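Heads up, the thing below is written out as structure tokens.
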Amino acid sequence: MKIIFPLLAVLLGVALTGCDTFDRRARQKAAVFEALAPEQREKLRRGEIELGNTPDMVYIALGAPNERREKATPSGQEMTWVYNTYFQQYEGEFHAGYRRYVVFDPRSRRYIVYHEPVYTDVYSEHEEENIRIKFRDNRVIEIEQPKRSAS
48 MKIIFPLLAV LLGVALTGCD TFDRRARQKA AVFEALAPEQ REKLRRGEIE LGNTPDMVYI
108 ALGAPNERRE KATPSGQEMT WVYNTYFQQY EGEFHAGYRR YVVFDPRSRR YIVYHEPVYT
168 DVYSEHEEEN IRIKFRDNRV IEIEQPKRSA S
């Protein structure tokens, strides 16, 4: 009985968190998705977007953006969605201090205090812009991706 409650709590947490999968997004926007031609549906399934797509189509293909920006221009309202990639990079070890421990020595019948260095791994957080999509009149007018060099 003691094991069942924590297990149920974990399963419930996983179920409520859920994954932002393509199928889930397609179900959320079912009216839009079902109205598309089969070749358009397949492109969205592969995560491909193109000029002229609507915000709903981009959402189905890529999910919710990390950042949304709106801009008023002479030609009307523009909306920009930015998708980022987040990662950590290992930077090495850092000397965090010393750990003290005490050991009883049976020969001398005394306690001996030892100090040993403590190190911790250091990671730096990074954010890279992956794709930027600009909309005007609820249609994609610009798709911008950084060109990465092969390394």
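So the sequence shown is residues 48 to 198, counted in the numbering used here.
Just so it is clear, CB atoms sit at the ideal spot from N, CA and C, and this is done for glycine as well.
Fair warning: this is a prediction, and the values are worked out from it, not measured in the lab.
Item	Value
Identify the residues that DSSP records as bridge partners of tyrosine 145: which are they?	Pro164
From which residue to which residue does the beta strand (DSSP E) around lysine 90 run?	Where lysine 90 is concerned, there is no enclosing beta strand (DSSP E), although the alpha helix (DSSP H) it sits in stretches over 85-92.
Roughly how many angstroms lie between the CA atoms of glutamate 163 and glycine 139, to the nearest whole one?	19 angstroms
With a 10 Å radius around its C-beta and 16 neighbouring C-beta atoms as the bar for buried, classify phenylalanine 182 as buried or exposed.	buried
Given threonine 167, which residues of its chain have a CB within under 6 angstroms of its CB, disregarding the five upstream and five downstream residues?	Phe141, Ala143
Could you tell me if asparagine 185 is buried or exposed, where buried requires 16 or more neighbouring beta carbons within 10 angstroms of its beta carbon?	exposed
Kindly list the residues whose CB is nearer than 6 angstroms to the CB of valine 79, restricted to its own chain and excluding five residues on each side of it in sequence; keep chain order.	Asp103
Is DSSP giving arginine 71 helix, strand or coil here?	helix
What do you get for isoleucine 159, buried or exposed, if any count of 16 or more other CB atoms within 10 angstroms of its CB means buried?	exposed
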